[in-house]
Amino acid sequence: DGGITQSPKYLFRKEGQNVTLSCEQNLNHDAMYWYRQDPGQGLRLIYYSQIVNDFQKGDIAEGYSVSREKKESFPLTVTSAQKNPTAFYLCASSIEVAGNTGELFFGEGSRLTVL
Amino acid sequence: GDSVTQMEGPVTLSEEAFLTINCTYTATGYPSLFWYVQYPGEGLQLLLKATKADDKGSNKGFEATYRKETTSFHLEKGSVQVSDSAVYFCALSEYSNTGKLIFGQGTTLQVKP
Chain A
16 DGGITQSPKY LFRKEGQNVT LSCEQNLNHD AMYWYRQDPG QGLRLIYYSQ
66 IVNDFQKGDI AEGYSVSREK KESFPLTVTS AQKNPTAFYL CASSIEVAGN
116 TGELFFGEGS RLTVL
Chain B
967 GDSVTQMEGP VTLSEEAFLT INCTYTATGY PSLFWYVQYP GEGLQLLLKA
1017 TKADDKGSNK GFEATYRKET TSFHLEKGSV QVSDSAVYFC ALSEYSNTGK
1067 LIFGQGTTLQ VKP
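If you read the sequences in order, they're chains A and B.
All you need for my numbering is the position in the first sequence, starting with 1, plus 15.
All you need for my numbering is the position in the second sequence, starting with 1, plus 966.
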């Protein structure tokens, strides 16, 4: 089945450690996104990528890094510089980049907890 | 900048009650509008969308009408079920070529039998 796969589903990290969240899609979508979800705050955009080997900062990029070496993969690294990393992270993709149809397809999320 | 505001939750209803979740937006240009639903422990799924003024999006008994004059996109359902319990997000697409969505804060709906 086509879709977006995020792993791991749950992750625990000690303070000072970097962690990488995986996001893979087999929908042949050009654009991919990382959102962070906190209770009562909705979703906030961390990074997005419209094409391979290119990505842009979103609204809360500080303390995060990404790469887009392949069309189907968009991993997110939460670095030790991220001051409050405990959150639910959602990866998404969309078929269209231009225009404003804006329909996103989401993975099931990764919950990161810092101990 | 563009923004979306949803009514505060949680909203608690009895089964078969009428549902309204308010959503208003601020945007330049003419964005598309969306409602997404998130069931417990899962990612978001598109529920319905409308791409221009006066369009009505509908799916699974839910409806929302794009009202440009009141900058609103309220979600309604005539008779909710326990299985509708979830978090509902209103969103708009930026009028640009990024495909980015701007989300409201989400409204939790709990339906009791």
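Built from N, CA and C at the ideal position, the CB exists for glycine as well.
Cα-Cα separation between Ser980/B and Glu118/A, rounded to whole angstroms
31 angstroms
C-beta neighbour in chain B for Gly17/A, strict 7 angstroms:
no
Pick helix, strand or coil for Val916/B, following the three-state DSSP scheme.
Any answer about residue 916/B is impossible in this case: the structure gives chain B only from 967 up to 1079.
Please classify Asp1050/B: does DSSP put it in a helix, a strand, or coil?
helix
Applying the criterion that 16 or more other CB atoms from any shown protein chain within 10 Å of the CB defines a buried residue, is Tyr996/B buried or exposed?
exposed
Phe1069/B touches chain A at which residues, Cβ-Cβ below 7 angstroms?
Gly57, Leu58
I believe Gly1023/B touches Lys1015/B by the beta-carbon criterion, under 8 angstroms. Please report the beta-carbon distance rounded to the nearest angstrom.
5 angstroms
Compute the beta-carbon to beta-carbon distance between Thr128/A and Phe27/A, rounded to the nearest angstrom, for a pair I have assumed lies under 8 angstroms.
Rounded, the Cβ-Cβ distance is 5 angstroms, consistent with contact.
Taking Ser88/A as the reference, give the member of Lys24/A, Gly18/A, Pro23/A, Ser37/A with the closest Cα.
Ser37/A
Should the segment 45-60 of chain A be called in touch with the segment 92-110 of chain A, which here means at least 3 C-beta pairs below 8 angstroms?
Verdict: yes, contact present.
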